[in-house]
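Below is one structure, written out as structure tokens; comments come after it.
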Amino acid sequence: MSNILNKPLILSLLILSFGQGSAFSTMYAAASTGVAAEHQGIGSGMASTGQQIGNAVGLAILVAIANRGTAGLTGESLRTATTHGLRLAVLLTAAGVVVTAAIALTGRRRTPVLIDAISN
1 MSNILNKPLI
11 LSLLILSFGQ
21 GSAFSTMYAA
31 ASTGVAAEHQ
41 GIGSGMASTG
51 QQIGNAVGLA
61 ILVAIANRGT
71 AGLTGESLRT
81 ATTHGLRLAV
91 LLTAAGVVVT
101 AAIALTGRRR
111 TPVLIDAISN
């Protein structure tokens, strides 16, 4: 049991928890900004659906990247190819995070406008 609950794992889970808590709260606040009170449920549902679809598609792409070049390999060559594929997938994910942060931090701010989806 002590092998499973080591300090780096606990620290990583704490950092992940705070990051996700901050990101999800901010995402839903941004998604509901400018949406009329009677349409908040739809807005939240759209944000949640977009998040789930993005996660599914993103994971599928990362798995395809991680597994490229492993067909027909066995033993040590399979382990090496898998390691290289996983490294590339993690590096691309990190690059995506950096690009997203740069876009978010340099984007211009707009004044929210209430939208009445029914009357438009």
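One point on numbering: in the working numbering, the residue at position 82 of the sequence shown is 82, and numbering is uninterrupted. Here a beta-carbon is modelled for each residue, glycine too, at the ideal position from N, C-alpha and C. Note that the structure is a prediction, hence the values are computed from the model and not measured.
Assuming residue i and residue j make a contact with CB atoms under 8 Å, what is their CB distance in whole Å?
| i | j | result |
| --- | --- | --- |
| S44 | S32 | 6 Å |
| I103 | G85 | Rounded, the Cβ-Cβ distance is 27 Å, inconsistent with contact. |
| T83 | T70 | Not really, about 10 Å apart at Cβ, beyond 8 Å. |
Buried or exposed: which applies to residue i, given that a residue is buried once 16 or more other Cβ atoms fall within 10 Å of its Cβ?
| i | result |
| --- | --- |
| V35 | buried |
| G19 | exposed |
| A89 | buried |
Compare the Cα-Cα distances from residue i to each of the options and report the closest residue.
| i | options | result |
| --- | --- | --- |
| A94 | I53, I42, L62 and Q40 | L62 |
| L92 | L16, A71 and G58 | G58 |
| M27 | L16, Q51, N6 and Q40 | Q51 |
Return the CA-CA distance between residue i and residue j, expressed in angstroms with no decimal places.
| i | j | result |
| --- | --- | --- |
| T49 | G96 | 20 Å |
| T106 | A23 | 17 Å |
| A29 | I53 | 19 Å |
| A60 | R87 | 16 Å |
| R108 | R79 | 45 Å |
| H39 | E76 | 56 Å |
| L11 | A37 | 39 Å |
| A47 | V99 | 21 Å |
| G41 | L16 | 27 Å |
| N55 | G21 | 16 Å |
| P8 | L14 | 10 Å |
| A101 | T74 | 39 Å |
Looking at the unbroken alpha helix (DSSP H) that takes in residue i, where does it start and where does it end?
| i | result |
| --- | --- |
| A31 | K7 to S32 |
| E38 | Here E38 belongs to no alpha helix (DSSP H), and DSSP marks it neither H nor E. |
| L91 | G75 to T106 |
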